[in-house]
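Asks: Sharing a structure below in structure tokens format, with a few things to ask.
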Amino acid sequence: MNRKLAESQAKAEQRNSFELHYGDRVLYRGKTYPITAKPGNRAGFDGISFWMPPGLPPAQIMGACIQVYRLFARQVINEKVLAYAKRMNAKPSSIKINGAKTRWGSCSAQRNLNFSWRLMMADDAVIDYVVVHELSHIVHMNHSAKFWSVVENVLPDYRMRQAELKKLQRCLSLENWE
Numbered sequence: 050m051n052r053k054l055a056e057s058q059a060k061a062e063q064r065n066s067f068e069l070h071y072g073d074r075v076l077y078r079g080k081t082y083p084i085t086a087k088p089g090n091r092a093g094f095d096g097i098s099f100w101m102p103p104g105l106p107p108a109q110i111m112g113a114c115i116q117v118y119r120l121f122a123r124q125v126i127n128e129k130v131l132a133y134a135k136r137m138n139a140k141p142s143s144i145k146i147n148g149a150k151t152r153w154g155s156c157s158a159q160r161n162l163n164f165s166w167r168l169m170m171a172d173d174a175v176i177d178y179v180v181v182h183e184l185s186h187i188v189h190m191n192h193s194a195k196f197w198s199v200v201e202n203v204l205p206d207y208r209m210r211q212a213e214l215k216k217l218q219r220c221l222s223l224e225n226w227e
């Protein structure tokens, strides 16, 4: 029992001390990229690094990374939702990007899809899984066998993708992304 408590406290300490600095690496679509300083007052991602103005404190570096994640999430997730929706003949009412910490995606009874910007840390196979999962809720608003059949019809390897998502979730549980 003491070992479990010590492990839990160590994880909490790691999470609470999480900061981002120039030179640190962050995940984007399953790969890690460095955070670099670039003259100017904007932040972005160029396929090589997450770049932002020099001299930012850790909290602002994190904020700039989140801003970039949100921007790319809108673009990438919208494209994926539209492509899979067409293939699945599912018609979402809206697609929104939010800051959910424990939910990768959701689908309302009104067919509104929500996705966490944190999903941009996952690789494309995992992002596709979450998109297909939420689109499948337009057809079946539960996790019944019929629901999983829809998911499996589109992504026969969904269980492997689901396992990868759980690994990412465990990894991110040690980081405090606001």
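Sequential numbering from 50 applies to the sequence shown in the working numbering.
For glycine and all other residues, C-beta sits at the position ideal for the given N, C-alpha and C.
Going by Cα to Cα distance, which pick from C156, R167, H70 is closest to N191?
Replies: C156
Asks: If you pair each beta-carbon of the segment 200–207 with each one of the segment 165–173, do three or more pairs fall below 8 Å?
Replies: no
Asks: Where does F67 fall in DSSP's three states?
Replies: coil
Asks: Taking only runs that begin and end inside the segment 102–149, name each unbroken beta strand (DSSP E) of 3 or more residues, in chain order.
Replies: 143–147
Asks: Assuming A92 and W100 form a contact by the criterion Cβ under 8 Å, report the distance between their Cβ atoms to the nearest whole angstrom.
Replies: 7 Å
Asks: What's the gap between the Cα of K60 and the Cα of R78?
Replies: 25 Å
Asks: Pick out whichever of F67, E56, V200, S98 has its Cα sitting closest to the Cα of N138.
Replies: V200
Asks: At 4 residues or longer, and completely inside the segment 181–207: list those alpha helix (DSSP H) runs for me, N to C.
Replies: 194–203
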